[in-house]
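Numbering (UniProt numbering), first residue to last: 1 to 143. Quick reminder that beta carbons are idealized off the backbone N, C-alpha and C, glycines included.
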């Protein structure tokens, strides 16, 4: 069994994620996609994980975070508000994420709970949704 917490961010680029907490974090800046966030200094980057960026605790593999970006041109949604209120958007995107995950992972069952869903208007005047989920993976050892 593996349990993880994931943060999904919906909205325009130029995202800043997390607060400074006295030097225990490093800042990751993606100038190409226009976002940045803080992550624990002890975490390592995992390449080839399918996300735009993926970091994980090297000692507790169930602690990780990733950023996935969807292009507006590949979506029927014009704004983040088209997804509905934050809670509804969280349910919709989480269901899509679980469906895609399950189609590629035979013998693995994943359950998820939405921990929080909120919206905020950033300094650039644009609306963002932030969703945090807890995921638990169960591997079928009889496959």
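Rounded straight-line distance, which links the Cα of residue j to that of residue i
{"i": "residue 60", "j": "residue 29", "result": "24 Å"}
{"i": "residue 44", "j": "residue 38", "result": "13 Å"}
{"i": "residue 58", "j": "residue 95", "result": "28 Å"}
{"i": "residue 33", "j": "residue 124", "result": "16 Å"}
Cut-off 7 Å between Cβ atoms - residues of its own chain near residue i, not counting five sequence neighbours on either side
{"i": "residue 68", "result": "51, 52"}
Chain-order list of residues whose beta-carbon lies under 8 Å from that of residue i (same chain, five-residue window excluded)
{"i": "residue 83", "result": "10, 77, 89, 92, 93, 129"}
{"i": "residue 25", "result": "18, 38, 39, 40, 41"}
Quick one: which unbroken alpha helix (DSSP H) runs of 4-plus residues sit fully inside the UniProt domain "PsbP C-terminal" (25-136)? Chain order, please. 86-104
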